[in-house]
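Undergrad: Numbering (the numbering used here), first residue to last: -16 to 220.
Handing you a structure now.
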């Protein structure tokens, strides 16, 4: 009779997953610091990254070291954005932070081509997305909760609220993100996910083999250390 994974094996797997998450969070804190100032109070992107790190139970001294690293002129890396297509013609944007662009573009290209996609040129798919602030709340399809989020969001100056899949997503202009987030927190609403990113203008349904290949491609991209965020326009089940 076969034995399942040992407790130690499961713990090692969980530790590895946690380390991967922390690596990406530290990169985002570093990038956000370089893009603005080292004070989260005056840098909305950094504040969002720090909040995300704290939510993941990252130690404050680790966060402070990441901010210090980002504020230094050590030339530790740069932001890169790659665009392309995945299986089924799905548009994909991959944001990276890297100290070796040659290595990173090769890794991203391989992840795309291995699963039936291809790397495009700058601007080849970006027009299919809009940069905006997003705050996602788990409302579970509860009409009262959705109404609460809607009223608070509109009062806070958000542009729209989209209800789908048991979630209410508040949309706002990037420059309004910090004010909207703080207003919603003051209203007693804490988002499951919040940040400024690239939202697809339209989503494309994908199924069957294309869906399997796309899922494998997204997993492979997410596993790359240099990858910070992956955006796509697929309508996933």
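Ideal Cβ positions, reconstructed from N, Cα and C, are used throughout, including at glycine.
Keep in mind that this is a model prediction, so the values were computed, not measured.
Short check: CB of residue 46 to CB of residue 36, under 8 Å?
TA: Cβ distance < 8 Å, so residue 46 and residue 36 count as in contact.
Undergrad: Quick one: what does DSSP say residue 175 is sitting in, helix, strand or coil?
TA: DSSP places residue 175 in coil when its eight states are reduced to three.
Undergrad: Can you tell me whether DSSP reads residue 72 as helix, strand or coil?
TA: Helix.
Undergrad: Three or more C-beta pairs closer than 8 Å, one from the stretch 25 to 32 and one from the stretch 170 to 189: is that the case here?
TA: The stretch 25 to 32 vs the stretch 170 to 189: in contact.
Undergrad: Where does residue 93 fall in DSSP's three states?
TA: Helix.
Undergrad: Three or more beta-carbon pairs under 8 Å between the stretch 111 to 127 and the stretch 146 to 160, yes or no?
TA: The stretch 111 to 127 is in contact with the stretch 146 to 160.
Undergrad: Quick one: measure Cβ to Cβ for residue 197 and residue 189, integer angstroms, because I've assumed they're closer than 8 Å.
TA: That belief holds up - the Cβ atoms of residue 197 and residue 189 are roughly 6 Å apart, short of 8 Å.
Undergrad: In this structure, how does DSSP classify residue 183 when only helix, strand and coil are distinguished?
TA: Here residue 183 sits in strand by DSSP.
Undergrad: Which one of 65, 173, 174 has the shortest CA to CA distance from residue 81?
TA: Of the listed residues, the one whose Cα sits closest to residue 81 is 65.
Undergrad: Just confirm the distance between the C-beta atoms of residue 96 and residue 209, as a whole number of angstroms; I'd bet it's less than 8 Å.
TA: Their Cβ separation, rounded to whole angstroms, is 17 Å, which puts residue 96 and residue 209 out of contact at 8 Å.
Undergrad: By DSSP, does residue 151 sit in helix, in strand, or in coil?
TA: Residue 151 falls in the strand class under three-state DSSP.
Undergrad: What does the alpha-carbon distance come out to for the pair residue 39 and residue 173?
TA: Their backbone Cα atoms lie some 15 Å apart in a straight line.
Undergrad: Smallest Cα separation from residue 70: which of 16, 102, 90, 53?
TA: Closest by alpha carbon: 102.
Undergrad: Is residue 163 buried or exposed, if buried means 16 or more other CB atoms sit within 10 Å of its CB?
TA: Flag for residue 163 reads buried.
Undergrad: Can you check which of these residues, 121, 77, 165, is closest to residue 141 by C-alpha distance?
TA: Of the candidates 121, 77, 165, the one whose C-alpha sits nearest the C-alpha of residue 141 is 165.
Undergrad: What do you reckon, are the CB atoms on residue 18 and residue 28 nearer than 8 Å?
TA: Cβ atoms of residue 18 and residue 28: closer than 8 Å.
Undergrad: Have a look at residue 41 and residue 67 and give me their C-alpha separation to the nearest angstrom.
TA: Answer to the nearest angstrom: the Cα atoms are 33 Å apart.
Undergrad: Determine the direct distance from the alpha carbon of residue 149 to that of residue -16, and round the result to whole angstroms.
TA: The pLDDT assigned to residue -16 is 46, lower than 50, so where the model puts this residue is not dependable, and the model offers no usable value.
Undergrad: Could you tell me the distance, in whole angstroms, from the CA atom of residue 203 to the CA atom of residue 110?
TA: Spanning the two alpha carbons is a distance of roughly 24 Å.
Undergrad: Once you ignore the five residues that flank residue 21 on each side, which residues in its own chain have a CB closer than 6 Å to its CB?
TA: Contacts found: 50, 54.
Undergrad: Could you pull out every residue in the same chain whose Cβ sits closer than 7 Å to the Cβ of residue 206, ignoring the five residues on either side in sequence?
TA: The answer is none, since no qualifying residue turns up.
Undergrad: Using C-beta distances below 7 Å, list every residue in its chain close to residue 1, excluding the 5 sequence neighbours before and after it, in chain order.
TA: Closer than 7 Å at Cβ, skipping near neighbours: no residue.
Undergrad: Return the residue from the list 52, 153, 13 that minimises the CA-CA distance to residue 135.
TA: Comparing Cα positions, the closest option is 153.
Undergrad: Between which two residues does the beta strand (DSSP E) holding residue 118 run?
TA: Segment 112 to 121, the beta strand (DSSP E) holding residue 118.
Undergrad: By Cβ distance, which residues of its chain are closer than 6 Å to residue 60, with the 5 residues on each side in sequence left out?
TA: Cβ within range, chain order: 80, 81, 82.
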